[in-house]
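K.L.:
Under the working numbering, residues 8 to 98 are what the sequence shown spells out, in order.
Built from N, CA and C at the ideal position, the CB exists for glycine as well.
Got a structure for you, questions after.
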Amino acid sequence: MSELKDIDANELGLISAVLGIVLAYDKTPDEQNVLGNFIVGIGCIILVIAAQAEYLNSLQEKKSENGDSLEIKKQIQEMQKQIDVIMSETP
Numbered sequence: 008m009s010e011l012k013d014i015d016a017n018e019l020g021l022i023s024a025v026l027g028i029v030l031a032y033d034k035t036p037d038e039q040n041v042l043g044n045f046i047v048g049i050g051c052i053i054l055v056i057a058a059q060a061e062y063l064n065s066l067q068e069k070k071s072e073n074g075d076s077l078e079i080k081k082q083i084q085e086m087q088k089q090i091d092v093i094m095s096e097t098p
């Protein structure tokens, strides 16, 4: 599937058109409807899978960002403690 990244948008449109015509050739309108709906169904499932993957990736990124924020807050608190110790030791 990595080959899809290398295909120009116009080329992909042309391939889709040719493939659609080839698949519909010598089919009755009812058969074309069944085939078309079948392909659309497959496309919908692929879109659901992709959407869920993107959602889970965004949750993971947010979780990672929150973890980074907590680590920075801990570092700031530790530095503040060190500053307080230094300030209390200086006359």
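Between ALA16 and chain C, is any beta-carbon pair separated by less than 9 Å?
P.N.:
Absent from the structure is chain C; it holds one protein chain and no more.
K.L.:
Roughly how many angstroms separate the alpha carbons of GLY27 and LEU66, rounded to a whole number?
P.N.:
Taking the sequence shown and counting its residues from 1, the one referred to as residue 27 is at position 20. Taking the sequence shown and counting its residues from 1, the one referred to as residue 66 is at position 59. Their Cα atoms are separated by approximately 37 Å.
K.L.:
Can ALA31 and LEU42 be called in contact, C-beta distance under 9 Å?
P.N.:
In the sequence shown, residue 31 corresponds to position 24, counting from 1. In the sequence shown, residue 42 corresponds to position 35, counting from 1. Yes, these two residues count as a Cβ contact at 9 Å.
K.L.:
For the alpha helix (DSSP H) holding GLU78, just list the boundary residues, first then last.
P.N.:
Translated into positions along the sequence shown, residue 78 becomes position 71. Here the alpha helix (DSSP H) through GLU78 covers 36-96.
K.L.:
Which of the three DSSP states, helix, strand or coil, is assigned to ASP15?
P.N.:
In the sequence shown, the residue the question calls residue 15 occupies position 8. The answer is coil: DSSP assigns ASP15 none of H, G, I, E or B.
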